[in-house]
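> Have a look at the structure that comes next, please.
Numbering (the UniProt record's numbering), first residue to last: 1 to 297.
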């Protein structure tokens with residue numbers, strides 16, 4: 001699959017390439033692998049990536065693209081329209097003599113490229129630079145984002161799922177654990193992120209602990225697939241011994257993406273710290289002003 005995506009991006013007749021599939025099937029992981037290879041091979045002069053997510057935040061998307069382009073003037077623009085104009089100008093200039101790739105992960109619906117500042121036609125088809133997108137819905141990619149190519153990513157077949165599981169646990173499990181492995185893989189339904197979460201439960205666990213965990217997952221299944229997934233993730237989280245790992249997982253959840261880059265996590269933390277500092281300064285100013293008003297009474 002990764003080579004199909006790479007070839008599609010290299011084809012000059014394609015301006016938009018998409019990857020679609022059900023949630024948890026590994027779209028973001030594939031996207032990260034493609035991005036890594038593109039950067040290693042230097043296939044593009046500029047590569048910008050933004051996580052779109054269900055709760056659309058145009059300013060956040062603009063900011064992530066601007067950061068990748070070293071567009072520092074963006075910080076001086078407060079309104080979305082002004083930021084879009086600035087970004088549009090920069091992307092148009094760069095695409096005249098350089099290859100620019102914009103990666104947009106996790107589209108839940110069509111995104112108006114013009115509102116972001118990405119050059120496009122009246123049909124919302126990107127112009128000048130190239131787009132690499134992911135979505136659960138093929139229609140979003142083909143009809144609304146006008147992708148020239150859209151690749152479907154399916155769940156893992158049985159042997160692929162077992163190989164991933166064994167990779168996560170560091171090799172084949174002991175024969176007495178095999179029935180539990182088969183049960184865990186059946187419950188994972190070929191979804192890579194669930195297989196990884198299940199595999200982590202098997203590390204340094206005994207039969208009693210595993211039976212208990214799988215029973216809890218089985219009971220949660222009565223609440224539907226979402227309840228079962230939440231139970232697996234909860235057990236995987238509880239299985240973490242390091243508080244640092246738990247805190248990082250919380251930070252990832254707060255950021256709202258499944259596989260955030262280190263750069264994006266750092267930006268997120270810095271933004272939070274800046275807000276806290278500004279809030280503290282504002283409260284201090286208000287307190288001083290109140291004291292001054294009291295002295296003048």
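Positions of the beta carbon are idealized from the N, C-alpha and C atoms, including for glycine. Only a predicted model underlies this, so the values are computations on that prediction, with no experimental measurement involved.
Just the Cα atoms here: how many angstroms apart are residue 126 and residue 115?
Distance between the alpha carbons of residue 126 and residue 115: 12 Å.
> Kindly provide the ranges of any alpha helix (DSSP H) runs that are 4 or more residues long and lie completely inside the stretch 59–138, ordered along the chain.
Complete alpha helix (DSSP H) runs here, min 4: 80–97, 113–116.
> Rounded to a whole number of angstroms, what is the C-alpha to C-alpha distance between residue 143 and residue 61?
Between residue 143 and residue 61, the C-alpha separation is close to 21 Å.
> What does DSSP give as the partner residue(s) for residue 152 in the beta ladder?
Answer by DSSP bridge pairing, in chain order: 20.
> Using only the alpha-carbon positions, how far apart do residue 168 and residue 108 sit?
Rounded to whole angstroms, residue 168 to residue 108 spans 30 Å at the Cα level.
> Candidates 86, 174, 130: which alpha carbon is nearest residue 44's?
When each option's Cα is compared against that of residue 44, the closest is 130.
> In the structure shown, what three-state DSSP assignment does residue 50 receive?
In this structure, residue 50 counts as strand in the three-state DSSP scheme.
> Can you give me the C-alpha to C-alpha distance between residue 211 and residue 2, rounded to a whole angstrom?
Looking at the two C-alpha atoms, the distance is approximately 37 Å.
> Quick check on this structure: which residue in 12, 16, 25, 5 has the alpha carbon closest to the alpha carbon of residue 196?
Residue 196 has its Cα closest to that of 25, out of 12, 16, 25, 5.
> According to DSSP, simplified to helix, strand and coil, what is residue 162?
In this structure, residue 162 counts as helix in the three-state DSSP scheme.
> CA-CA distance, residue 179 and residue 22?
Cα-Cα distance, rounded: 27 Å.
> May I ask you to verify whether the stretch 95–107 touches the stretch 28–40, counting CB pairs closer than 8 Å and requiring at least 3?
Because the criterion of three Cβ pairs below 8 Å is met, the stretch 95–107 and the stretch 28–40 touch.
> As a quick exercise: from 208, 56, 164, 101, pick the residue whose alpha carbon is nearest that of residue 66.
The residue with the shortest Cα to Cα distance from residue 66 is 101.
> If you run the structure through DSSP and keep just helix, strand and coil, what is residue 1?
Three-state DSSP puts residue 1 in coil, outside helix and strand.
> Comparing C-alpha positions only, which one of 145, 176, 185 sits nearest to residue 163?
Answer by Cα proximity: 185.
> Answer with buried or exposed for residue 154, where buried requires no fewer than 16 other C-beta atoms within 10 angstroms of its C-beta.
Classification of residue 154: exposed, given that the 10 Å Cβ count is below 16.
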